[in-house]
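Engineer: Encoded as structure tokens, here's the structure I'll be asking about.
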Amino acid sequence: MDRIIEQLPRFFTSGNMTLLLESAGLTLAMTLVGCLIGFFLAFVLVYLRQTPGLWALPLRLICISYVEVFRRIPFLVVIYLVLFFIQTISTDASLFTIAVIAICIYSIAYTADIIRGGLESVPHTQIEAAQTMNLSRLRTTVTIVLPQAWPVIVPPAIAFAVSFIKDTALVSQIGVFELTFRGKELNNQGYSGILVFGTIAMCYFLISFPLSMLGQYLEKRLATPRGERRARKIRRA
Amino acid sequence: MNYKFQYGIVWENFGALLEGAWLTFQLGVLAFAGGLLIGLVGASIKSFAPQPFRFLVDSYVVFITNTPALIQIYFLYFGLPEIGIRWSSEACVLIGLILNAGAYLTLILRAGFLSVRRPELEAGITIGMSVLQQIRYIVVPHIAKSIYPAVANFFIVILVMGTSIGAVIGVDELTGTAINLSTINYRWLEYFSVIAVMYVVLTFVASIGLALFGRWAFRVKARIF
Numbered sequence: 017m018d019r020i021i022e023q024l025p026r027f028f029t030s031g032n033m034t035l036l037l038e039s040a041g042l043t044l045a046m047t048l049v050g051c052l053i054g055f056f057l058a059f060v061l062v063y064l065r066q067t068p069g070l071w072a073l074p075l076r077l078i079c080i081s082y083v084e085v086f087r088r089i090p091f092l093v094v095i096y097l098v099l100f101f102i103q104t105i106s107t108d109a110s111l112f113t114i115a116v117i118a119i120c121i122y123s124i125a126y127t128a129d130i131i132r133g134g135l136e137s138v139p140h141t142q143i144e145a146a147q148t149m150n151l152s153r154l155r156t157t158v159t160i161v162l163p164q165a166w167p168v169i170v171p172p173a174i175a176f177a178v179s180f181i182k183d184t185a186l187v188s189q190i191g192v193f194e195l196t197f198r199g200k201e202l203n204n205q206g207y208s209g210i211l212v213f214g215t216i217a218m219c220y221f222l223i224s225f226p227l228s229m230l231g232q233y234l235e236k237r238l239a240t241p242r243g244e245r246r247a248r249k250i251r252r253a
Numbered sequence: 539m540n541y542k543f544q545y546g547i548v549w550e551n552f553g554a555l556l557e558g559a560w561l562t563f564q565l566g567v568l569a570f571a572g573g574l575l576i577g578l579v580g581a582s583i584k585s586f587a588p589q590p591f592r593f594l595v596d597s598y599v600v601f602i603t604n605t606p607a608l609i610q611i612y613f614l615y616f617g618l619p620e621i622g623i624r625w626s627s628e629a630c631v632l633i634g635l636i637l638n639a640g641a642y643l644t645l646i647l648r649a650g651f652l653s654v655r656r657p658e659l660e661a662g663i664t665i666g667m668s669v670l671q672q673i674r675y676i677v678v679p680h681i682a683k684s685i686y687p688a689v690a691n692f693f694i695v696i697l698v699m700g701t702s703i704g705a706v707i708g709v710d711e712l713t714g715t716a717i718n719l720s721t722i723n724y725r726w727l728e729y730f731s732v733i734a735v736m737y738v739v740l741t742f743v744a745s746i747g748l749a750l751f752g753r754w755a756f757r758v759k760a761r762i763f
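Respectively, the protein sequence lines represent chains W and V.
Start counting at 1 in the first sequence, then tack on 16, and there's your number in the working numbering.
Start counting at 1 in the second sequence, then tack on 538, and there's your number in the working numbering.
What follows is the structure, given as structure tokens:
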């Protein structure tokens, strides 16, 4: 205990704090880039998964098994697989790229299910109406299904991204300079573990808590079912 | 890409990997069981207890769910020895995971508690049910039906995401064993692709078991895929 108090002024120097800020930025950037790319690729995956017809069966099977398999493999294993697989292809990929690719692969599997749920929540009559008007499948998805599916997709997708900020702590294992890695480094420099990891935990908390509040707010904001709103309007008139 | 896959060395050490998988399973089950206990207590307090207790549970849940499990385990493993608490790495992982699972399961179970409606309990009293009968025939089926899929899914998360964190501080579960073995002969890709398949098989077995159990015990149709 005395050791912690004695270390306090040495630990909370501006140098250490800038380091922590930098690595917090890196954590955020990594998650943001990875989850955004993953989000778009998940759209592609879901779109391919919903391809109709018998000839597309293998394609559908691949998409389904991708989601099923990567949901069941630990993130740490994915990180190591990506790291060593990429190093067999090119030796000069940066660790940040590798981390982002791992995050991508993982977030595709999780967001694909969220997006599929959203797309399937749109009443099928809408799609049939679009088919009657001879719109192509891509156009139907983009102009008719997606605008109605947004409120269902966005809140859980944000919740996933926010919770994933915490899981990116595992990326420290391959040596990306993010928050957890900094924590380990500071601990190795001789600062007390309670102090260092307490501070790092607070950093994660300060990032994650406001964002999860934002997610909950959005959920409440968007969750008002549209049908209900419309019905109320009609009754009033 | 000029990399030759050599799986021979993996099969030679397959026994060690199986032992690792067994430890993973044990850790997952223990962490889940402990978390379920904390979750039950936490959700009951959140639902029925007076204010100061509810605030305590709330802050526990908010703090745990907003910090990484890895940092919590680091705190237990590297931080606590300074105040004289020394746990083995297995114990640290287990305790960290139990605390983690407890927070998440509090949230899930609380949602289940909310799904029991008062009129149904009153209906139970009207036809002369005792408290135990009410719990057996009204409360448990309701809670089970509404949260069983979420709980079963969470078990998979703990089994996979949770226990693999142990590898970081040197627990010899599946990932840890693979790391140890591949640092000997640098067959990382082979070892990790094999344990990835093992994780998939392990979780599929767990999913199917949970789905069957749910159907048998609570008549819930839990999804496997």
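Every residue, glycine too, gets a C-beta built ideally from N, C-alpha and C.
To which residues of the same chain is PHE176 (chain W) closer than 8 Å at the C-beta, ignoring the five residues directly before and after it?
Structural biologist: Closer than 8 Å at the Cβ level, and outside the excluded window around PHE176 (chain W), lie CYS51, SER123, TYR126, THR127 and ILE130.
Engineer: With three or more beta-carbon pairs closer than 8 Å as the criterion, would you say the stretch 558 to 572 of chain V touches the stretch 621 to 639 of chain V?
Structural biologist: Enough Cβ pairs lie closer than 8 Å, so yes.
Engineer: Could you tell me whether the Cβ of ILE707 (chain V) comes closer than 8 Å to any Cβ of chain W?
Structural biologist: So no, ILE707 (chain V) is outside the interface.
Engineer: Pick from W:THR141, W:VAL170, W:GLN23 and W:GLY191: whose alpha carbon is nearest that of SER110 (chain W)?
Structural biologist: Of W:THR141, W:VAL170, W:GLN23 and W:GLY191, the residue nearest in Cα terms is W:GLY191.
Engineer: Excluding five sequence neighbours on each side, which residues of the same chain lie with their C-beta closer than 7 Å to the C-beta of VAL212 (chain W)?
Structural biologist: Once the five neighbours on either side are set aside, the close Cβ partners of VAL212 (chain W) are GLY199, LEU202 and ASN203.
Engineer: Among the candidates W:ILE119, W:ILE160, W:THR148 and W:ARG153, whose CA atom is the shortest distance from the CA of SER137 (chain W)?
Structural biologist: Per the Cα distances, W:ILE160.
Engineer: Is the stretch 592 to 605 of chain V touching the stretch 618 to 632 of chain V in the sense that three or more CB pairs, one from each, lie closer than 8 Å?
Structural biologist: Because the criterion of three Cβ pairs below 8 Å is not met, the stretch 618 to 632 of chain V and the stretch 592 to 605 of chain V do not touch.
Engineer: Show which residues of chain V have a CB atom less than 7 Å away from the CB atom of GLU90 (chain W).
Structural biologist: Residue identity check: residue 90 (chain W) is Pro in the sequence provided, not Glu. Those within 7 Å of PRO90 (chain W) in chain V are VAL698, MET699, SER702, THR713 and TYR737.
Engineer: From PHE180 (chain W) to SER30 (chain W), what distance separates their C-alpha atoms?
Structural biologist: Cα-Cα distance, rounded: 28 Å.
Engineer: Which chain V residues are close to GLY50 (chain W), counting only those with a beta carbon under 8 Å from its beta carbon?
Structural biologist: By Cβ distance, chain V contributes nothing, its closest Cβ being about 16 Å from GLY50 (chain W), past 8 Å.
Engineer: Return the CA-CA distance between VAL758 (chain V) and ILE80 (chain W), expressed in angstroms with no decimal places.
Structural biologist: When rounded, the distance between both Cα atoms is 24 Å.
Engineer: Determine whether the beta carbon atoms of SER585 (chain V) and PHE651 (chain V) lie at a separation below 8 Å.
Structural biologist: Yes; because the gap between Cβ atoms is below 8 Å, this pair is in contact.
Engineer: On the CB-based measure, 16 or more other CB atoms within 10 Å of its CB, does GLY546 (chain V) come out buried or exposed?
Structural biologist: GLY546 (chain V) is exposed by the Cβ-count criterion.
Engineer: Any idea if TRP549 (chain V) is buried or exposed, counting beta-carbon neighbours within 10 angstroms, 16 or more meaning buried?
Structural biologist: TRP549 (chain V) comes out exposed.
Engineer: For PHE543 (chain V), is the beta carbon positioned less than 7 Å from some heavy atom of the ligand ATP?
Structural biologist: By its list of ligands, the structure shown contains no ligand whatsoever, and the ligand ATP lies outside what it can speak to.
Engineer: Rounded to a whole number of angstroms, what is the C-alpha to C-alpha distance between ARG648 (chain V) and ALA118 (chain W)?
Structural biologist: Spanning the two alpha carbons is a distance of roughly 34 Å.
Engineer: Indicate whether at least one CB of chain W lies closer than 8 Å to the CB of TYR612 (chain V).
Structural biologist: By this cut-off, TYR612 (chain V) is an interface position.
Engineer: To test your reading of the DSSP string, which unbroken alpha helix (DSSP H) runs of 4 or more residues are found completely within the stretch 21 to 96 of chain W?
Structural biologist: For the stretch 21 to 96 of chain W, whole alpha helix (DSSP H) runs of length 4 or above, ordered along the chain, are 30 to 65 and 73 to 86.
Engineer: When DSSP labels each residue in this structure, what does ASP18 (chain W) get in the three-state scheme?
Structural biologist: ASP18 (chain W) falls in the helix class under three-state DSSP.
Engineer: Count the other CB atoms within 10 Å of the CB of ALA247 (chain W); is the residue buried (16 or more) or exposed (fewer)?
Structural biologist: Here the model assigns ALA247 (chain W) a pLDDT of 47, short of 50, so the residue's position is not dependable, and the following value carries that caveat. Exposed: under 16 other Cβ atoms inside 10 Å.
Engineer: Between SER702 (chain V) and the rest of its own chain, which residues show a CB-CB distance below 6 Å, the 5 nearest in sequence each way excluded?
Structural biologist: Counting only Cβ-Cβ distances below 6 Å, and skipping sequence neighbours, we find THR713.
Engineer: When you check each C-beta in the stretch 594 to 611 of chain V against every C-beta of chain W, which residues fall closer than 9 Å?
Structural biologist: Under the 9 Å Cβ criterion, the stretch 594 to 611 of chain V contributes VAL600, PHE601, THR603, ASN604, THR605, PRO606, ALA607, LEU608, ILE609 and GLN610.
Engineer: Return yes when the Cβ of LEU561 (chain V) is within less than 8 Å of the Cβ of ILE733 (chain V), no when it is not.
Structural biologist: Contact: no.
Engineer: In whole angstroms, what is the alpha-carbon distance linking ALA115 (chain W) and ILE89 (chain W)?
Structural biologist: Those two C-alpha atoms are separated by around 16 Å.
Engineer: In its own chain, which residues sit with a C-beta less than 7 Å from the C-beta of GLU235 (chain W), not counting the 5 before and 5 after it?
Structural biologist: So the list reads PRO171, once near-sequence residues are dropped.
Engineer: Touch check for the stretch 218 to 226 of chain W and the stretch 64 to 80 of chain W: three-plus C-beta pairs under 8 Å?
Structural biologist: No, the stretch 218 to 226 of chain W is not in contact with the stretch 64 to 80 of chain W.
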